[in-house]
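Undergrad: Please see the structure below; I have some questions.
There are 2 protein chains.
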Amino acid sequence: MAGIDEVARAAGVSISTVSYALSGKRPVSAETRRRIQAAVHELGYSPNAGARMLAGSQTHIFALSEPLRADSHAPSHMAFMHAMTVAARRKEYDMLLLTDEDASAGMKRVAASGLVDAILVLDVAPDDPRVAIARASATPTLFVGIPNDHDDLVCVDLDFERAAVEAVDRLADAGHREIGLIGGSRRAYEKSNFPPRVRAAVVARAAERGGHARAVASGEVVTDRAHVRESVREFIAAGVTGIVLHAPEEVLQVVLVELAALGKSMPGDVSIVSVGSSFDTDTQPTPVDSIPLVPQSSCELAVDLAIELIAGRPVASGLHLIPPTYLERGSVAAAPSA
Amino acid sequence: MAGIDEVARAAGVSISTVSYALSGKRPVSAETRRRIQAAVHELGYSPNAGARMLAGSQTHIFALSEPLRADSHAPSHMAFMHAMTVAARRKEYDMLLLTDEDASAGMKRVAASGLVDAILVLDVAPDDPRVAIARASATPTLFVGIPNDHDDLVCVDLDFERAAVEAVDRLADAGHREIGLIGGSRRAYEKSNFPPRVRAAVVARAAERGGHARAVASGEVVTDRAHVRESVREFIAAGVTGIVLHAPEEVLQVVLVELAALGKSMPGDVSIVSVGSSFDTDTQPTPVDSIPLVPQSSCELAVDLAIELIAGRPVASGLHLIPPTYLERGSVAAAPSA
DNA sequence: TTGAAAGCGCTACCAC
DNA sequence: GTGGTAGCGCTTTCAA
Numbered sequence: 268m269a270g271i272d273e274v275a276r277a278a279g280v281s282i283s284t285v286s287y288a289l290s291g292k293r294p295v296s297a298e299t300r301r302r303i304q305a306a307v308h309e310l311g312y313s314p315n316a317g318a319r320m321l322a323g324s325q326t327h328i329f330a331l332s333e334p335l336r337a338d339s340h341a342p343s344h345m346a347f348m349h350a351m352t353v354a355a356r357r358k359e360y361d362m363l364l365l366t367d368e369d370a371s372a373g374m375k376r377v378a379a380s381g382l383v384d385a386i387l388v389l390d391v392a393p394d395d396p397r398v399a400i401a402r403a404s405a406t407p408t409l410f411v412g413i414p415n416d417h418d419d420l421v422c423v424d425l426d427f428e429r430a431a432v433e434a435v436d437r438l439a440d441a442g443h444r445e446i447g448l449i450g451g452s453r454r455a456y457e458k459s460n461f462p463p464r465v466r467a468a469v470v471a472r473a474a475e476r477g478g479h480a481r482a483v484a485s486g487e488v489v490t491d492r493a494h495v496r497e498s499v500r501e502f503i504a505a506g507v508t509g510i511v512l513h514a515p516e517e518v519l520q521v522v523l524v525e526l527a528a529l530g531k532s533m534p535g536d537v538s539i540v541s542v543g544s545s546f547d548t549d550t551q552p553t554p555v556d557s558i559p560l561v562p563q564s565s566c567e568l569a570v571d572l573a574i575e576l577i578a579g580r581p582v583a584s585g586l587h588l589i590p591p592t593y594l595e596r597g598s599v600a601a602a603p604s605a
Numbered sequence: 268m269a270g271i272d273e274v275a276r277a278a279g280v281s282i283s284t285v286s287y288a289l290s291g292k293r294p295v296s297a298e299t300r301r302r303i304q305a306a307v308h309e310l311g312y313s314p315n316a317g318a319r320m321l322a323g324s325q326t327h328i329f330a331l332s333e334p335l336r337a338d339s340h341a342p343s344h345m346a347f348m349h350a351m352t353v354a355a356r357r358k359e360y361d362m363l364l365l366t367d368e369d370a371s372a373g374m375k376r377v378a379a380s381g382l383v384d385a386i387l388v389l390d391v392a393p394d395d396p397r398v399a400i401a402r403a404s405a406t407p408t409l410f411v412g413i414p415n416d417h418d419d420l421v422c423v424d425l426d427f428e429r430a431a432v433e434a435v436d437r438l439a440d441a442g443h444r445e446i447g448l449i450g451g452s453r454r455a456y457e458k459s460n461f462p463p464r465v466r467a468a469v470v471a472r473a474a475e476r477g478g479h480a481r482a483v484a485s486g487e488v489v490t491d492r493a494h495v496r497e498s499v500r501e502f503i504a505a506g507v508t509g510i511v512l513h514a515p516e517e518v519l520q521v522v523l524v525e526l527a528a529l530g531k532s533m534p535g536d537v538s539i540v541s542v543g544s545s546f547d548t549d550t551q552p553t554p555v556d557s558i559p560l561v562p563q564s565s566c567e568l569a570v571d572l573a574i575e576l577i578a579g580r581p582v583a584s585g586l587h588l589i590p591p592t593y594l595e596r597g598s599v600a601a602a603p604s605a
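As you go down the protein sequences, you meet chains A and B in turn. Under our numbering, the first residue of the first sequence is numbered 268, with each subsequent residue one higher. Under our numbering, the first residue of the second sequence is numbered 268, with each subsequent residue one higher.
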């Protein structure tokens, strides 16, 4: 709890020199800096957060808005929160958690009190009420996910449409013509903008590649196993040989089990590609080709953009899409010549 | 971004009166308070966080230390983080997330910079390194969970031993003599102090009640289904009619499935009580009697104690155990007369 | 390359 | 019941 004045005295310099030596905002002679750093270390000095905020008008804190819905997928959320917090710490930022039932109230509060330098918004819905708050607020706000009306917002996300195209292309390249898409729960289709876009992209690309795609959601809830199993049976009956999966890990397991039950091998009879999976398709019991949704990528980009905004540097508003990466895991093979 | 001076001017009073009206630390006439509140509302005033910290030496921020281990149970963690953040907000506190790889570094940092008023420690291990930091720090620190050496710390947790005794008593009261305990993963037994204590309590109480208990962990990992199923078969073979479960939801499902596979009904043939479950045993497909671990209870108590410590009021160090609550759901019946 | 000093926007003491 | 004002510990001009 030593103050900057004590450091200055110990180093035999003025307070301002200590401040500049630490912030690097003014050149300081090597010798002076050395003495100051020694004093800082000696006294265990750490600048007072409140004073820094007040004088510098920078808090070095981000707010993380994460409205925990009941039907949220906890592991994915944890992964994003963690990745975001780690990305922030790398840039010397701390993370304040905003989980108000009313997320908007929290955002207003931290913005109005100058508690945070920027707000990072996770789990964005198409008609997210936080969009309005962001527009009305002077505090830089960054969306990880894409609301419907986003032209003047800064949004980060995986380029799901390119990912969908890439997935279809891989299957088509291997000779698959009849393609099936298993999406997330029906609620996921309402909660986010991307499931419908992935579906549209898969269908369109399959047609472009001279094939045909049929798409289904994975049921009312993520764990609607019966619905998933039925979809798989219908796919097989219809001659589908390539499956694109855009759903959580649990659904993949059900698909694999049902294929096995039908006596179908992977990738001998059926090829599978997982798109936008936030789980590790590598450590799965059965590895599957995937175009993963990597929390670190989105979060690091979001943090970088937030820092640009805070510094007053120009940032293009609109979508900042992360190019998909295809991971081969051996679940795609040539279509059976049937 | 209006300041306190603008509020004072708008209300026609001095800034000190505004400050006192808002903090309540000095009586203010009803009429004056009314005018001030109107002005606050009008201007959308929210006191500047940095200024408040600096002048008042209270930050109104808690730190939440949550080292996300790879094997952590995401839903439970989310539940605790959420409950803690909600409990804090109820007391006008914000929550800062500490997820540094080195948890101790984060705690030191926020304590040294005066960023937070108190630190709340979750997911406490028996030999938790954060204990040493807490001892060396002047910042009030509260543990949710019990480290080995805790005499001079303030710790909050469910009274697992009483819960274990209560569970056995319920089974014994219903005539069950042979009792089986299915614990969490083997790692859980190393990571926390309570699994072994629950085990000891169950075994001891079963003996006191003239019965006998056998205990097993649920395998290397939480999802070791094969191990759980085998344990259930062994229990049945050994004449167990009452099962105490101290494990996550997934394990309960496996137990129920295996009992059904063995042709055993619940509660006709086998009675079950879940202890320390953080999931909702009520909305399960099959409801089960339980003595739940309610995150809200622990978190609200932790926040209340933290506020006492911040205010400089005396708080007993050592354990603050939450009395268990038994929820009847019809999974316990009279032991078969066999 | 360095120092002196003016605030940042509050809280809380002292006075009335 | 209310007002004036001295700091809180920094950052950042302005001067040297």
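Note that beta-carbon positions come from the ideal geometry of N, C-alpha and C, so glycine has one too.
Between the C-alpha atoms of residue 379 of chain A and residue 373 of chain A, what's the straight-line distance to the nearest angstrom?
TA: Within the first sequence, residue 379 of chain A is the residue found at index 112, counting from 1. Within the first sequence, residue 373 of chain A is the residue found at index 106, counting from 1. If you take the alpha carbons of residue 379 of chain A and residue 373 of chain A, they lie about 10 Å apart.
Undergrad: Cα separation between residue 248 of chain B and residue 280 of chain B?
TA: This structure leaves residue 248 of chain B out entirely; chain B is present only between 268 and 605.
Undergrad: May I ask you to report which of helix, strand or coil DSSP gives residue 320 of chain A?
TA: Translated into positions along the first sequence, residue 320 of chain A becomes position 53. Note: residue 320 of chain A maps to helix in three-state DSSP.
Undergrad: Which parts of the stretch 338 to 374 of chain A are runs of the beta strand (DSSP E), unbroken and 3 residues or longer, counting only runs that do not cross its ends?
TA: Qualifying beta strand (DSSP E) stretches, in chain order: 361 to 365.
Undergrad: Have a look at residue 452 of chain A and residue 486 of chain A and give me their C-alpha separation to the nearest angstrom.
TA: For this step, residue 452 of chain A is matched to residue 185 along the first sequence. For this step, residue 486 of chain A is matched to residue 219 along the first sequence. If you take the alpha carbons of residue 452 of chain A and residue 486 of chain A, they lie about 5 Å apart.
Undergrad: Which class does residue 536 of chain B belong to by DSSP, given the choice of helix, strand or coil?
TA: By 1-based counting over the second sequence, the position of residue 536 of chain B is 269. Coil at residue 536 of chain B, not helix or strand.
Undergrad: Which term fits residue 401 of chain A, buried or exposed, when burial requires 16 or more other beta carbons within 10 angstroms of its beta carbon?
TA: As a position in the first sequence, residue 401 of chain A is number 134, starting the count at 1. With 16 or more other Cβ atoms within 10 Å, it is buried.
Undergrad: Residues of chain A with CB under 8 Å from residue 335 of chain B, in chain order?
TA: Locating residue 335 of chain B in the second sequence gives position 68, counting from the first residue. 345 and 349, listed in chain order.
Undergrad: Which value, in whole angstroms, describes the spacing of the CA atoms of residue 417 of chain A and residue 396 of chain A?
TA: Taking the first sequence and counting its residues from 1, the one referred to as residue 417 of chain A is at position 150. Taking the first sequence and counting its residues from 1, the one referred to as residue 396 of chain A is at position 129. Going from the Cα of residue 417 of chain A to the Cα of residue 396 of chain A covers about 12 Å.
Undergrad: Can you pull the chain A neighbours of residue 362 of chain B, defined as C-beta to C-beta under 9 Å?
TA: The sequence position of residue 362 of chain B within the second sequence is 95, counting from 1. Neighbours of residue 362 of chain B on chain A, chain order: 363, 364, 365 and 366.
Undergrad: Does the pairing of the stretch 582 to 602 of chain A with the stretch 365 to 372 of chain A give three or more beta-carbon distances under 8 Å?
TA: The stretch 582 to 602 of chain A is not in contact with the stretch 365 to 372 of chain A.
Undergrad: When you compare the CB of residue 352 of chain A with every CB in chain B, is at least one pair closer than 8 Å?
TA: The sequence position of residue 352 of chain A within the first sequence is 85, counting from 1. Chain B contact via Cβ: present.
Undergrad: Output needed for residue 409 of chain A: all residues of its chain with C-beta closer than 8 Å, excluding positions within five of it in sequence on either side, in chain order.
TA: As a working mapping, residue 409 of chain A is identified with position 142 in the first sequence. If we look at residue 409 of chain A and ignore the five residues flanking it on each side, its Cβ neighbours are 385, 386, 387, 388, 421, 422, 423, 569, 572, 573 and 576.
Undergrad: Give me whichever residues DSSP pairs with residue 586 of chain A in a beta bridge.
TA: Along the first sequence, one-based indexing puts residue 586 of chain A at 319. Its beta-bridge partners are A/422.
Undergrad: Tell me, please, whether the stretch 317 to 331 of chain A touches the stretch 307 to 317 of chain B by the rule of three or more beta-carbon pairs shorter than 8 Å.
TA: Yes: the two stretches touch, three or more of their Cβ pairs being nearer than 8 Å.
Undergrad: Under 9 Å between beta-carbons, which chain A residues line up against residue 519 of chain B? List them in chain order, please.
TA: Locating residue 519 of chain B in the second sequence gives position 252, counting from the first residue. The contacting residues do not exist; residue 519 of chain B stays about 15 Å from chain A at best.
Undergrad: Should residue 311 of chain A and residue 278 of chain A be called a contact, given that it needs their Cβ atoms to be closer than 8 Å?
TA: As a first step, residue 311 of chain A is located in the first sequence; it is residue number 44 there, counting from the start. As a first step, residue 278 of chain A is located in the first sequence; it is residue number 11 there, counting from the start. No, the Cβ-Cβ distance between residue 311 of chain A and residue 278 of chain A is not below 8 Å.
Undergrad: Compare the C-beta of residue 356 of chain B with all C-beta atoms of chain A and state if any pair is closer than 8 Å.
TA: Here the question's residue 356 of chain B lines up with position 89 in the second sequence. Output row for residue 356 of chain B: interface = yes.
Undergrad: Is the beta carbon of residue 466 of chain A less than 8 Å from the beta carbon of residue 447 of chain A?
TA: Residue mapping note: residue 466 of chain A aligns to position 199 of the first sequence, counting from 1. Residue mapping note: residue 447 of chain A aligns to position 180 of the first sequence, counting from 1. No, Cβ-Cβ distance for residue 466 of chain A and residue 447 of chain A is not below 8 Å.
Undergrad: Quick one: what's got a C-beta closer than 7 Å to residue 494 of chain A's C-beta in the same chain, skipping five residues either side?
TA: Working through the first sequence from its first residue, we reach residue 494 of chain A at position 227. Once the five neighbours on either side are set aside, the close Cβ partners of residue 494 of chain A are 485 and 486.
Undergrad: Give the residues of chain B in contact with residue 573 of chain A, contact being defined as C-beta atoms less than 7 Å apart.
TA: Counting from one through the first sequence, the residue named residue 573 of chain A turns up at place 306. Here the premise fails: no neighbours, minimum Cβ distance about 16 Å.
Undergrad: Looking at residue 554 of chain A: is its Cβ nearer than 8 Å to the Cβ of residue 597 of chain A?
TA: Here residue 554 of chain A refers to the residue found at position 287 when the first sequence is read from its first residue. Here residue 597 of chain A refers to the residue found at position 330 when the first sequence is read from its first residue. In contact: residue 554 of chain A and residue 597 of chain A (Cβ atoms closer than 8 Å).
Undergrad: Indicate whether at least one CB of chain A lies closer than 8 Å to the CB of residue 515 of chain B.
TA: By one-based count along the second sequence, residue 515 of chain B stands at place 248. Cβ-Cβ to chain A under 8 Å: no for residue 515 of chain B.
Undergrad: Within the same chain, show all residues whose beta-carbon is closer than 6 Å to that of residue 223 of chain B, passing over the 5 residues directly before and after it, in chain order.
TA: Here chain B has residues from 268 to 605 only, and residue 223 of chain B is not among them.
Undergrad: Residue 556 of chain A bridges to which residues according to DSSP?
TA: Here residue 556 of chain A corresponds to residue number 289 of the first sequence, with the count starting at 1. Paired residues: A/540.
Undergrad: How should residue 336 of chain B be labelled, buried or exposed, when 16 other C-beta atoms within 10 angstroms of its C-beta is the threshold for buried?
TA: Stepping through the second sequence from its first residue, residue 336 of chain B is reached at position 69. Its Cβ having fewer than 16 others within 10 Å, residue 336 of chain B is exposed.
Undergrad: May I have the straight-line CA-CA distance separating residue 271 of chain A from residue 286 of chain B, to the nearest angstrom?
TA: Taking the first residue of the first sequence as 1, we reach residue 271 of chain A at position 4. Taking the first residue of the second sequence as 1, we reach residue 286 of chain B at position 19. Those two C-alpha atoms are separated by around 28 Å.
Undergrad: So, does the CB of residue 254 of chain A fall closer than 8 Å to a CB anywhere in chain B?
TA: This structure gives no information on residue 254 of chain A, because the portion of chain A shown stretches from 268 to 605.
Undergrad: In the structure shown, what three-state DSSP assignment does residue 280 of chain A receive?
TA: For the purposes of this step, residue 280 of chain A is identified with residue 13 of the first sequence, where counting begins at 1. Coil, per DSSP.
Undergrad: For residue 425 of chain A, tell me which candidate among A/293, A/587, A/595 and A/599 has the shortest Cα-Cα distance.
TA: Within the first sequence, the letter at position 158 stands for residue 425 of chain A. The shortest C-alpha separation from residue 425 of chain A is found at A/587.
Undergrad: In chain B, which residues lie less than 8 Å from residue 313 of chain A when you measure between Cβ atoms?
TA: Against the first sequence, residue 313 of chain A aligns to sequence position 46. What residue 313 of chain A touches in chain B: 376, 379 and 380.
Undergrad: Looking at the C-beta of residue 289 of chain A, does it have a partner C-beta in chain B at a distance below 8 Å?
TA: The residue labelled residue 289 of chain A in the question sits at position 22 within the first sequence. False, the Cβ-Cβ gap to chain B never drops below 8 Å.
Undergrad: Could you round the C-beta distance between residue 439 of chain B and residue 478 of chain B to whole angstroms and report it? I think they count as a contact, below 8 Å.
TA: What you label residue 439 of chain B is simply residue 172 of the second sequence in a count that begins at 1. What you label residue 478 of chain B is simply residue 211 of the second sequence in a count that begins at 1. With a Cβ gap of about 6 Å, residue 439 of chain B and residue 478 of chain B count as contacting.
Undergrad: DSSP beta-bridge partners for residue 332 of chain A?
TA: In the first sequence, the residue the question calls residue 332 of chain A occupies position 65. In the DSSP output, where bridge partners are listed per residue, residue 332 of chain A has A/365 and A/388.
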